[in-house]
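Q: Sharing a structure, written as structure tokens. Questions coming.
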Amino acid sequence: MNSQKSGTRPVSSHRTGPLTGTITVPGDKSMSHRALILGGSATGTTRVTGILEGEDVLCTAEAMRQLGARVEKQPDGSWAVTGRGVGALTEPDRVLDMGNSGTAARLLMGLVASAPFTTFFCGDASLHKRPMRRISDPIGQMGAVVTSRSGDRFPLAVTGRDLMPIRYELPVASAQVKSAILLAALNTPGTTTVVEPKPSRDHTENMLRHFGARVEVETDTGGGRIIRYDGQQELTAADVIVPADPSSAAFPAVAAAITPGSDIRITNVGMNPLRDGIFTTLRDMGATIDIENLRTEAGEPVADIRIQGGTLKGIEVPPERAVSMIDEYPILFVAAAFAEGTTIMRGLEELRVKESDRIAVMAEGLKACGVTCEELEDGLIIHSSGSTPPQGGATVATELDHRIAMSFLVLGMRTEHPVTVDDGRVMETSFPGFTRLMTDLGAKFTEEQAG
Numbered sequence: 001m002n003s004q005k006s007g008t009r010p011v012s013s014h015r016t017g018p019l020t021g022t023i024t025v026p027g028d029k030s031m032s033h034r035a036l037i038l039g040g041s042a043t044g045t046t047r048v049t050g051i052l053e054g055e056d057v058l059c060t061a062e063a064m065r066q067l068g069a070r071v072e073k074q075p076d077g078s079w080a081v082t083g084r085g086v087g088a089l090t091e092p093d094r095v096l097d098m099g100n101s102g103t104a105a106r107l108l109m110g111l112v113a114s115a116p117f118t119t120f121f122c123g124d125a126s127l128h129k130r131p132m133r134r135i136s137d138p139i140g141q142m143g144a145v146v147t148s149r150s151g152d153r154f155p156l157a158v159t160g161r162d163l164m165p166i167r168y169e170l171p172v173a174s175a176q177v178k179s180a181i182l183l184a185a186l187n188t189p190g191t192t193t194v195v196e197p198k199p200s201r202d203h204t205e206n207m208l209r210h211f212g213a214r215v216e217v218e219t220d221t222g223g224g225r226i227i228r229y230d231g232q233q234e235l236t237a238a239d240v241i242v243p244a245d246p247s248s249a250a251f252p253a254v255a256a257a258i259t260p261g262s263d264i265r266i267t268n269v270g271m272n273p274l275r276d277g278i279f280t281t282l283r284d285m286g287a288t289i290d291i292e293n294l295r296t297e298a299g300e301p302v303a304d305i306r307i308q309g310g311t312l313k314g315i316e317v318p319p320e321r322a323v324s325m326i327d328e329y330p331i332l333f334v335a336a337a338f339a340e341g342t343t344i345m346r347g348l349e350e351l352r353v354k355e356s357d358r359i360a361v362m363a364e365g366l367k368a369c370g371v372t373c374e375e376l377e378d379g380l381i382i383h384s385s386g387s388t389p390p391q392g393g394a395t396v397a398t399e400l401d402h403r404i405a406m407s408f409l410v411l412g413m414r415t416e417h418p419v420t421v422d423d424g425r426v427m428e429t430s431f432p433g434f435t436r437l438m439t440d441l442g443a444k445f446t447e448e449q450a451g
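If you use UniProt numbering, the sequence shown corresponds to residues 1 to 451, in order.
Have a look at this one:
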């Protein structure tokens, strides 16, 4: 698993003692994207506080500027987004570079589907491997034209049209696909309906309401959801407070849970019930987690989370829980590597088409670090003695995937020998300052400049 390339920044993680302290992780990535997109589609100026200033979100900010919104960081650290109103996007004068962000790519493909011009998209090498047919199919049914490489992959172009509303049944629950369709519906006359087999994260629906729109949501007899949106509603600027990202909070939470004697508190974490599966699962494994100061901000539940270190046990994670924690499975794999017994995790097909094939990459890296695991088509089975930590000692290729990098750095905090990731720069995508924040809690990382 050695991958040493010129210009990379390897980071090594060393065995550490108990973690202590109170921290706040960066703002929620999903909500940051949506605040910029909907703020840029509303009339008036929206002030966004707590935005994640990672590379993914900054790509969305620049894209919205190119589409005609005014997006400016303020001296107090907040962001002011002055929108043009629904249906008033302007044609970009350059290709929109989405970097590593699948969320930005898919949501913005939906947004520009009704615009009367062609928008060109590109991204980094990782994003160019990710499938976009799940977006091009529904917006194509609505009337947009998508021109792309084989397999509907980046780079591609979306030519907007006057769209027709559709009823679209999602093959699998996906907040990105649902949101892309709803954004395409913003300027589409009539009622657009999205049917999802299982509830996926509902930040788009919540934020549309926050900006004054009417969104109808009902639960069907099978437990799925039917979302209806009447197009061409006016969106009105509304300030947004972005809570801390539960996906980012998962990394220090697992680090504390697997380290005896740890006691940390993570403040202001978004606790949307469709996003909190990682905390439920860690509790099922025996972790001591307390939810404190539960409150509501901008229509979303927020709380402080206290995690104390202890002993974890292997469990079978319900496959239906995957939709509420799909991005957290790489770090859950790490928790399972320190749990007593066997942990079975299935229903994770979506991980195959993330920034990397996260099942394959995590399985390979875990095995290199001495963890016994079985790769499944839709998941992973991990066997651990619990009392004997994995050997570690490997250099792991991140495959340009931020969550792979952070997961293996957490693993290295408890292995017998240090674990190195080949390039720590990818962590800036979603968690700028990860190594500094973890060091403040007691982690021991070393960095070097390769090349």
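Glycine included, every Cβ here is placed at the ideal spot set by N, Cα and C.
Here the structure is a predicted model, which is why all the values come from computation and not from measurement.
So does the stretch 323 to 335 actually touch the stretch 294 to 305, counting three or more Cβ pairs closer than 8 Å?
A: With a cut-off of 8 Å, the stretch 294 to 305 and the stretch 323 to 335 do not count as touching, because too few Cβ pairs lie within range.
Q: Find the nearest neighbour of G54 within the set S32, M285 and L67, judged by alpha-carbon distance.
A: Of the candidates S32, M285 and L67, the one whose C-alpha sits nearest the C-alpha of G54 is S32.
Q: I'd like the span of the alpha helix (DSSP H) that includes C59, first residue to last.
A: Residues E55 to Q66.
Q: Give me the residue from A180, R225 and N206 with the minimum Cα distance to P197.
A: Nearest C-alpha to P197: R225.
Q: Sort out for me which residues DSSP pairs P260 with in a bridge.
A: Paired residues: none, contrary to the question.
Q: Judging by CA-CA distance, which residue of W79, L111, D440 and T45 is the nearest neighbour of T204?
A: Per the Cα distances, L111.
Q: Could you compute how far the alpha carbon of G370 sits from the alpha carbon of G412?
A: Near 12 Å, if we compare the C-alpha coordinates of G412 and G370.
Q: On the DSSP bridge assignment, give the partners of S407 in chain order.
A: Paired residues: none, contrary to the question.
Q: Helix, strand or coil: which one does DSSP assign to P432?
A: Reduced to three states, the DSSP call for P432 is coil.
Q: At which residues does the beta strand (DSSP E) containing K444 begin and terminate?
A: Its beta strand (DSSP E) spans residues K444 to E447.
Q: When the Cα atoms are used, what is the spatial distance from L107 to T415?
A: About 39 Å.
Q: What residues are listed by DSSP as bridge partners for F121?
A: Note: F121 sits in a beta bridge opposite L96 and L156.
Q: Within its chain, find whatever has a CB closer than 6 Å to the CB of K5; leave out the 5 residues flanking it on each side and keep chain order.
A: Bear in mind that the predicted position of K5 carries a pLDDT of just 48, short of 50, making it too unreliable to give a figure here.
Q: So, with DSSP's three-state summary, where would you put E416?
A: Coil.
Q: Does the Cβ of A397 have 16 or more other Cβ atoms within 10 Å, making it buried, or fewer, making it exposed?
A: Result: buried.
Q: Considering only residues of the stretch 157 to 228, which uninterrupted beta strand (DSSP E) runs meet the minimum length of 3 residues and lie entirely inside it, listed in chain order?
A: If we require 3 residues or more, the beta strand (DSSP E) runs fully inside the stretch 157 to 228 come out as 167 to 169, 191 to 196 and 215 to 219.
Q: Helix, strand or coil: how does DSSP classify I51 here?
A: Here I51 sits in coil by DSSP.
Q: For A80, which residues from the same chain have a beta carbon less than 6 Å from its beta carbon, with the 5 sequence-adjacent residues on both sides left out?
A: For A80, where only same-chain residues beyond five positions count, the Cβ hits under 6 Å are T45, R47, E72 and Q74.
Q: Entirely within the stretch 345 to 409 and at least 3 residues each: give me those beta strand (DSSP E) ranges in chain order.
A: For the stretch 345 to 409, whole beta strand (DSSP E) runs of length 3 or above, ordered along the chain, are 372 to 376 and 379 to 384.
Q: By Cβ distance below 6 Å, which residues in the same chain neighbour T191 in space, the five residues on each side in sequence not counted?
A: The residues are P165, R228 and D230.
Q: Return the chain-ordered ranges of every beta strand (DSSP E) run that is complete within the stretch 259 to 299 and spans a minimum of 3 residues.
A: Qualifying beta strand (DSSP E) stretches, in chain order: 263 to 270 and 288 to 297.
Q: Checking the sheet assignment: what are the DSSP bridge partners for G83?
A: In the DSSP output, where bridge partners are listed per residue, G83 has G44.
Q: Is V11 helix, strand or coil when you go by DSSP?
A: If DSSP states are grouped into helix, strand and coil, V11 belongs with the strands.
Q: On the criterion of 16 or more Cβ atoms from any shown chain inside 10 Å, does E320 qualify as buried, or is it exposed?
A: Label assigned to E320: exposed.
Q: Would you check if the distance between the CB atom of S262 and the CB atom of L19 is smaller than 7 Å?
A: Closer than 7 Å, so yes.
Q: Can you give me the Cβ contacts of residue 452 inside the same chain, cut-off strictly under 8 Å, excluding the 5 residues immediately before and after it?
A: Any property of residue 452 remains undetermined from this structure, which presents the chain solely from 1 to 451.
Q: Going by CA-CA distance only, name the one from L183, L400, A256 and R346 that's closest to G442.
A: Of the candidates L183, L400, A256 and R346, the one whose C-alpha sits nearest the C-alpha of G442 is A256.
Q: Quick one: is G171 buried, meaning 16 or more other Cβ sit within 10 Å of its Cβ, or exposed?
A: Correcting the residue identity first, residue 171 is Pro in this sequence and not Gly. The residue is exposed, with fewer than 16 neighbouring Cβ atoms inside 10 Å.
Q: Just checking: is the beta-carbon of F338 within a distance shorter than 7 Å of some beta-carbon in chain C?
A: Going by chain labels, chain C is absent from the structure shown, which holds only one protein chain.
Q: Per DSSP, E316 is paired with what?
A: Per DSSP, I344.
Q: With distance defined between alpha-carbon atoms, name the residue in V195, L163 and G83 nearest to A42.
A: Per the Cα distances, G83.
Q: Can you tell me where the beta strand (DSSP E) holding S78 begins and where it ends?
A: Where S78 is concerned, there is no enclosing beta strand (DSSP E), given that its DSSP letter is neither H nor E.
Q: Buried or exposed: which applies to P116, given that a residue is buried once 16 or more other Cβ atoms fall within 10 Å of its Cβ?
A: With fewer than 16 other Cβ atoms within 10 Å, it is exposed.
Q: For R346 versus G379, is the C-beta spacing smaller than 7 Å?
A: Cβ atoms of R346 and G379: closer than 7 Å.
Q: Quick one: residues in its chain with C-beta nearer than 6 Å to the C-beta of T118, no 5 flanking neighbours on either side, listed in chain order?
A: Cβ neighbours of T118 beyond the five flanking positions: A157 and T159.
Q: The beta strand (DSSP E) with V71 in it runs from where to where?
A: Note, V71: beta strand (DSSP E), R70 to K73.
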